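Just so you know, the sequences run in chain order Z and U. The opening residue of the first sequence carries number 34 in my numbering; numbering runs sequentially from there. The opening residue of the second sequence carries number 4 in my numbering; numbering runs sequentially from there.
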Amino acid sequence: MKFQHRHVLGIKQFNAEELNFILDTAESFKEINTRDIKKVPTLRGKTIVNLFFEASTRTRTSFEIAGKRLSADTVNIGASSSSVVKGETLEDTARNIEAMHPDIIVMRHSASGSCDYLAARIGCSVVNAGDGTHEHPSQALLDAFTIRQHKGKIAGLKVAIIGDITHSRVVRSNIDCLNKLGAEVVISGPKTMLPPGIERLGCRVAPTLAEALKDADVVMMLRIQLERQGKSLIPSLREYSRYFGLNETNLKLAKTDAIVMHPGPMNRGVEISTVVADGPQSVILDQVENGVAVRMALLYLAAGGEKMTED
Amino acid sequence: MGSTLIKNGRIIDPANNIDATLDLLIENGRISKIGKSLATQASEVIDASGLWVTPGLVDMHVHLRDPGLEYKEDIISGTRSAAAGGVTSIACMPNTRPIIDNLAICRYIINKAQEQGSANVFPIGSITQGLKGEILSEMGELKAGGCVAFSDDGLPVVSSELMRRALEYADTFDAPIISHAEDLSLVAGGVMNDGLVATELGLKGIPWVAEDAMTARDIMLAEYTGGHMHMAHVSTRGCVEMVRQAKRRGVRVTCEAAPHHFTLTDEAVRGYNTNAKMNPPLRSQADVDAVRAGLADGTIDAIATDHAPHHIDEKNVEFAIAMNGIVGLETMLPLTLKLVEEGVIDLNRAIALMSCRPAAVLGIDRGTLSQGAVADIALIDPNLVWEVVPEKLLSKSNNTPFGGWKLKGVAVRTLLGGKTVFER
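Below is the structure:
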């Protein structure tokens, strides 16, 4: 098939066929990451700017490695070194970068919709590396990739996502992606962390953690970010952990072969116990590994995909 | 000063229960006669065949941005925008720089409007000095100097005790308090209506209860003090219902609704449209329906635009940091006439909601075509369909969510004190 998208702004823009196509493309890149010489010339001569207005280790490194393994020239700009602190607008920052003719801007920004905003105003491709509490498409795709790797399929699986649903861009992208690929999504969390209308995005809300976990094929735990949500949503990490934390005991409610996922970074002992995080059902590091392949696929496709000749 | 005869127009004057094809004679800036086929000689004759002749419209909620924020709007451009919308009287909010909390600013606005403006401007003084929510403004002097009401619009008066005293003190000088009802702790950094759209867009929601909770308090304070509380821009089902109930109990409460709140829902925000960002935010369809019902049954006293010009640089940004508000003076009339077309309200009520009724809330002698009244008049072509082109609005700013809309009905000529200040 032909990949018709110049930008990767969210899962919303893709149908099931396109999502599978991205995953298949990632599959073909995955092997490169285990080679001795981890580099192919696919994006030689292309320039990718990683524009990160929010702190990020995993995603930024993953995008940077993905670009480098495809032989693109990658440049990282972080919020602290950017001109934002000097009062420049997002549009001006982006236009200035664009004037240096990059092929792709990978952006993370705290404002929901900022990637859509950018894509509407500049000429090069925009890849969303997380915009506010809106979308995080590469995360949802690497999650789907990891599920497919371990389960051999996605359709028909029960996926439980637990945590702060309101403030999670990972959840929004995942609900959409998993729905399109035929999975059943169940979410759970304290009611202070469930946004209105969430079920209409394509998921069931389980009133308790136990109910969400019951017979799940995939358990995805979300990071609790006290620094972001303020103090009014939960009384303490201690109580949160007790009612919504995943541990060896409640994990038994899920299917025996269920896999455990976490987008990171983890709060060990809060949303996930160390035993589970490091246990045999955990695929958390597979997610990180697969992230590189998925992002290679996204960069490749955004840069023009099969229109390019491989030399 | 000469005389002007407006012939053959359909005269609609809700205050006097007139709706008929008549002639109207203006002498010395005032309406001297209305009658059938007036044979009077006049220095100027306007043929209004096919047009409606209504009182110049009254918009009781406008941000003129002058003094201090003239890059968004000033008294000249704002009143020109008003005249183009058939509006001849506006009440302007005090969140200028400096704030309208002293006589000098009040007089500056009135004088500039009289000398250079195209509409009457009635300043609204701030409830508290500097809009700080701490000490009452000198309402007696401000009222004597021309202020018609008091409001900290844009901000709620957080202290209930202070709001109580504001109602009592303003009532001493027969002035209403205009409340911007918002419980800021419930708003908690929200940027659009809380609901499915906010959830989907990942934008922090403002729950309706933030407006309702404060509205409930303010109505109770009005009931307790006996003062006149006017609720600005009601946007929720609950607020309309609370005002309805309070009026039944005889509480001195009035309220207004903005055209965007009876026309658009929060669906308009999709695509992160910053021109659909305002405060209170666009709400759900149930809220829109409730506001319409409130207009229909008389619960809502006035249609007011909350005209809030902002520079393009303040709107062409990420949604979360975009300024709140839209311009509205030039779209109020056709959006209200749309309600008539849709059978929500009749024409008489539509005109009343934009003329005599807001004038009554503010206690100003405008909004009627009574004999002897100042000849502020709008000539409206009810059938003219026009497209809203934001760049062509006479406001300095073009932040409207109605760009590209085809609207029906427009003021083709606006008279202020008998003098034509706008002609299309």
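Think of the CB as a built atom: it goes at the ideal place given N, C-alpha and C, for glycine as much as any other residue. Treat the numbers as computed from the prediction; the structure is a model and nothing was measured.
Candidates the options: closest to residue i by CA position
i: Ser102 of chain Z; options: Z:Ile81, Z:Glu87 and Z:Val308; result: The amino acid occupying residue 102 of chain Z in the given sequence is Arg; Ser does not appear at that position. It is Z:Ile81.
i: Glu345 of chain U; options: U:His314, U:Trp389, U:Cys359 and U:Ala296; result: U:Ala296
i: Met195 of chain U; options: U:Asp221, U:Lys250 and U:Ala323; result: U:Ala323
i: Pro74 of chain Z; options: Z:Thr94, Z:Ala99, Z:Ala245 and Z:Met254; result: Z:Ala99
i: Ala177 of chain Z; options: Z:Pro240, Z:Leu279 and Z:Val204; result: Z:Val204
i: Gly133 of chain U; options: U:Asn98, U:Ile113 and U:Asp62; result: U:Asn98
i: Pro210 of chain U; options: U:Leu340, U:Pro284 and U:Arg68; result: U:Pro284
i: Ser92 of chain U; options: U:Asp16, U:Glu118, U:Val65 and U:Ala219; result: U:Val65
i: Glu60 of chain Z; options: Z:Gly338, Z:Ala330, Z:Leu334 and Z:Ala335; result: Z:Ala330
i: Pro228 of chain Z; options: Z:Val41, Z:Ser89, Z:Gly324 and Z:His200; result: Z:His200
i: Val139 of chain Z; options: Z:Glu97, Z:Asn53 and Z:Leu174; result: Z:Glu97
i: Gly302 of chain Z; options: Z:Arg181, Z:Leu255, Z:Asn212 and Z:Phe85; result: Z:Leu255
i: Glu73 of chain U; options: U:Ile112, U:Ser162 and U:Thr43; result: U:Ile112
i: Leu242 of chain Z; options: Z:Thr282, Z:Ser206, Z:Asn207 and Z:Asn323; result: Z:Thr282
i: Ser80 of chain U; options: U:Ala107, U:Gly120 and U:Leu25; result: U:Gly120
i: Ile257 of chain Z; options: Z:Ala287, Z:Pro296 and Z:Glu244; result: Z:Pro296
i: Leu350 of chain U; options: U:Thr308, U:Ser398 and U:Ala299; result: U:Ala299
Minimum Cβ-Cβ distance from residue i to chain U less than 9 Å
i: Lys340 of chain Z; result: Confidence at Lys340 of chain Z is low in this model, with a pLDDT of 47, below 50, so the placement of that residue is unreliable and no value is reported for it.
i: Leu331 of chain Z; result: no
i: Asp57 of chain Z; result: no
i: Ala144 of chain Z; result: yes
i: Asp164 of chain Z; result: yes
i: Thr122 of chain Z; result: yes
i: Ile130 of chain Z; result: no
i: Thr75 of chain Z; result: no
i: Gly196 of chain Z; result: no
i: Pro228 of chain Z; result: yes
i: Leu334 of chain Z; result: no
i: Ile231 of chain Z; result: yes
i: Thr199 of chain Z; result: yes
i: Leu234 of chain Z; result: yes
i: Asp149 of chain Z; result: yes
i: His183 of chain Z; result: no
i: Asn48 of chain Z; result: no
Proximity test, Cβ basis, 9 Å: residue i and chain Z
i: Asn123 of chain U; result: no
i: Asp197 of chain U; result: yes
i: Asn319 of chain U; result: yes
i: Lys75 of chain U; result: no
i: Gly241 of chain U; result: no
i: Ile324 of chain U; result: yes
i: Tyr431 of chain U; result: The structure shown has nothing for residue 431 of chain U, since chain U only spans 4 to 427.
i: Val212 of chain U; result: no
i: Asn202 of chain U; result: It should be noted that the sequence gives Thr, not Asn, for residue 202 of chain U. Answer yes: the Cβ-Cβ gap between Thr202 of chain U and chain Z drops below 9 Å somewhere.
i: Gly205 of chain U; result: yes
Residue i and residue j closer than 9 Å at C-beta
i: Gly412 of chain U; j: Glu30 of chain U; result: no
i: Met232 of chain U; j: Ser182 of chain U; result: yes
i: Val48 of chain U; j: Pro361 of chain U; result: no
i: Asp229 of chain U; j: Arg255 of chain U; result: One point to set straight first is that residue 229 of chain U is Gly, not Asp, in the sequence displayed. Yes. Within cutoff.
i: Val291 of chain U; j: Val200 of chain U; result: no
i: Gly12 of chain U; j: Ala51 of chain U; result: yes
i: Glu394 of chain U; j: Ala87 of chain U; result: no
i: Asp164 of chain Z; j: His183 of chain Z; result: no
i: Glu304 of chain Z; j: Gly189 of chain Z; result: no
i: Thr257 of chain U; j: Pro179 of chain U; result: yes
i: Gly89 of chain U; j: Ala414 of chain U; result: yes
i: Thr302 of chain U; j: Lys250 of chain U; result: yes
i: Pro159 of chain U; j: Asp197 of chain U; result: no
i: Asp209 of chain Z; j: Lys45 of chain Z; result: yes
i: Ile15 of chain U; j: Ile329 of chain U; result: no
i: Val388 of chain U; j: Gly406 of chain U; result: no
DSSP bridge partner residues for residue i (one or two, in chain order)
i: Arg141 of chain Z; result: Z:Phe85
i: Ile380 of chain U; result: U:Pro58 and U:Leu418
i: Ile108 of chain U; result: Answer is none; Ile108 of chain U lacks a bridge partner.
i: Cys148 of chain Z; result: DSSP, once it has assigned bridges, lists no residue as partnering Cys148 of chain Z.
Which ranges would you report for the beta strand (DSSP E) in the stretch 135 to 173 of chain U if only whole runs of at least 3 residues count? Within the stretch 135 to 173 of chain U, the runs of beta strand (DSSP E) at least 3 residues long that lie entirely inside it are, in chain order, 152 to 154.
| message | Report the start-end ranges of each beta strand (DSSP E) in the stretch 16 to 97 of chain U that is 3 residues or longer and not cut off at the edges. | response | Residue ranges of uninterrupted beta strand (DSSP E) with 3 or more members, entirely inside the stretch 16 to 97 of chain U and ordered along the chain, are 21 to 30, 33 to 38, 47 to 50, 55 to 58, 60 to 65 and 90 to 95.
- For the stretch 298 to 371 of chain U, which segments carrying the beta strand (DSSP E) assignment without a break, of at least 3 residues, lie completely within its bounds, in sequence order? Secondary structure in the stretch 298 to 371 of chain U: no beta strand (DSSP E) run of 3 residues or longer lies completely within the stretch.
Complete runs of the alpha helix (DSSP H) confined to the stretch 160 to 218 of chain Z [at least 4 residues]
When DSSP assignments are scanned along the stretch 160 to 218 of chain Z, the uninterrupted stretches of alpha helix (DSSP H) that are 4 or more residues long and fall wholly within it turn out to be 170 to 184 and 202 to 213.
I'd like the ranges of any alpha helix (DSSP H) spanning at least 4 consecutive residues and lying wholly in the stretch 166 to 241 of chain U. Listed in chain order, the complete alpha helix (DSSP H) runs (minimum 4 residues) inside the stretch 166 to 241 of chain U are 187 to 190, 199 to 204 and 211 to 228.
Note to self: Suppose only complete runs of 3+ residues qualify. What are the beta strand (DSSP E) ranges in the stretch 240 to 313 of chain Z, listed by chain order?
What the structure shows: With a minimum length of 3 residues, the continuous beta strand (DSSP E) runs that stay inside the stretch 240 to 313 of chain Z are 251 to 254 and 292 to 294.
Threshold first: 4 residues or longer. Then list the alpha helix (DSSP H) segments lying entirely within the stretch 44 to 109 of chain Z, N to C. Runs of the alpha helix (DSSP H) inside the stretch 44 to 109 of chain Z: 49 to 63 and 91 to 102.
Counting only runs of 4+ residues fully inside the stretch 257 to 299 of chain U, write out the alpha helix (DSSP H) ranges in chain order. Counting only runs of 4 or more, we get 262 to 266 and 288 to 299.
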